[in-house]
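Scroll down for the structure; my scribbles are underneath it.
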Amino acid sequence: MPATPQHMASGTAALRAFAVVLQRDIRIAWRRLGDTANPLLFFILVCALFPLGIGPAPEVLAAIAPGVVWVIALIASILATETLFRSDFEDSSLDQFLLSPLPLFWLILSRLAAQWLLTGLPLALISPLLGLFMQLPAAAMPALVVSLLLGSGIMCAIGAIGTALTVGLNRGGLLLALLVLPLYIPVLIFGSAAVATAAAGGEAGGQLALLGGMLLLAIALAPLAVSAALRIASDH
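Numbering (the working numbering), first residue to last: 5 to 240.
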């Protein structure tokens with residue numbers, strides 16, 4: 005059935021709302037650059053310091069590098085999403101967000117996109133430099149970047165669900181970690197396996213394809229779950 009003018013108008017409004025919220029979140033994050041950069045700095049510092057603790061053993065570092073880099077990225081992702089909706093909840097702007105006549109799906113998806121652009125994308129882009137610190141072979145660098153690009157998006161979506169569920173709780177950081185860590189495990193397994201396979205000279209396409217499928221599923225379902233969780237938190 006051809007699209008009606010009403011459907012086209014609503015689609016245009018949704019895309020406009022997506023762009024407006026995305027720009028707003030990026031501007032706010034830029035003003036709070038210290039808080040926004042904390043997870044990225046954590047990732048850089050831990051990856052840079054880890055070889056000092058292991059010692060000058062390139063073969064050991066190369067063997068454990070895929071898992072280590074991915075575990076540190078996972079923890080950085082939790083740090084990044086912990087305060088995703090907290091300021092909105094504290095200043096009551098979350099209620100206006102939920103009462104907006106625009107589709108909540110697109111508003112939340114734009115918030116997740118901004119979060120990924122500010123944390124996941126920079127993390128993936130600097131990962132080759134940190135891979136060098138960990139003596140990761142050059143052949144594994146493309147798999148490292150692509151796996152982190154995909155995996156950080158998935159973790160951002162999963163973390164947003166956990167943040168929405170705990171947004172009204174004091175000191176909800178520990179509960180957030182307990183909620184999302186089991187869901188992060190498949191991402192960690194496939195992401196580190198892709199890098200390890202590439203480092204060994206194998207083909208990492210299978211693991212990366214699985215991460216891509218998980219990302220598409222997260223994009224489709226996470227905004228719906230976040231919407232429901234935020235409405236519950238707002239009611240309380």
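Note that the Cβ used here is the ideal one computed from N, Cα and C, for glycine as well.
As the structure is a computational prediction, the values presented were derived from the model and not from experiment.
- For residue 81, the uninterrupted alpha helix (DSSP H) run begins and ends at 62-85, by DSSP.
- Two segments are said to touch when three or more pairs of C-beta atoms, one from each, lie closer than 8 Å; by this definition the region 52-65 does not touch the region 193-206.
- As the crow flies, the alpha-carbon of residue 77 is around 13 Å from that of residue 120.
- For a cut-off of 8 Å, the C-beta gap from residue 84 to residue 169 is around 17 Å, too long to register as a contact.
- Residue 29 and residue 115 have their C-alpha atoms roughly 7 Å apart.
- Leaving aside the five residues that flank residue 139 on each side, the residues in its chain whose CB is nearer than 6 Å to its CB run, in chain order, 62, 65, 66.
- Rounded to whole angstroms, the separation of the alpha carbons of residue 110 and residue 73 is 32 Å.
- Taken in chain order, the complete beta strand (DSSP E) segments of 3 or more residues contained in the region 108-140 number zero; there are none.
- Exclusion of the five residues before and after residue 147 leaves 198, 199, 202, 208 as the residues of its chain whose Cβ lies within less than 6 Å of its Cβ.
- In this structure, residue 137 places its C-beta atom within 8 Å of the C-beta atom of residue 55.
- DSSP places residue 104 outside both helix and strand once states are collapsed to three, so it counts as coil.
- Straight across, the Cα-Cα distance linking residue 98 with residue 123 is about 22 Å.
- Judged by their CB atoms, residue 181 and residue 153 are not nearer to each other than the 8 Å cut-off.
- The Cβ-Cβ distance between residue 215 and residue 158 falls below 8 Å.
- Residue 24 sits exposed, since fewer than 16 C-beta atoms from the chains shown fall within 10 Å of its C-beta.
- Ranked by how close their Cα comes to the Cα of residue 113, the residues 231, 235, 237 have 231 in first place.
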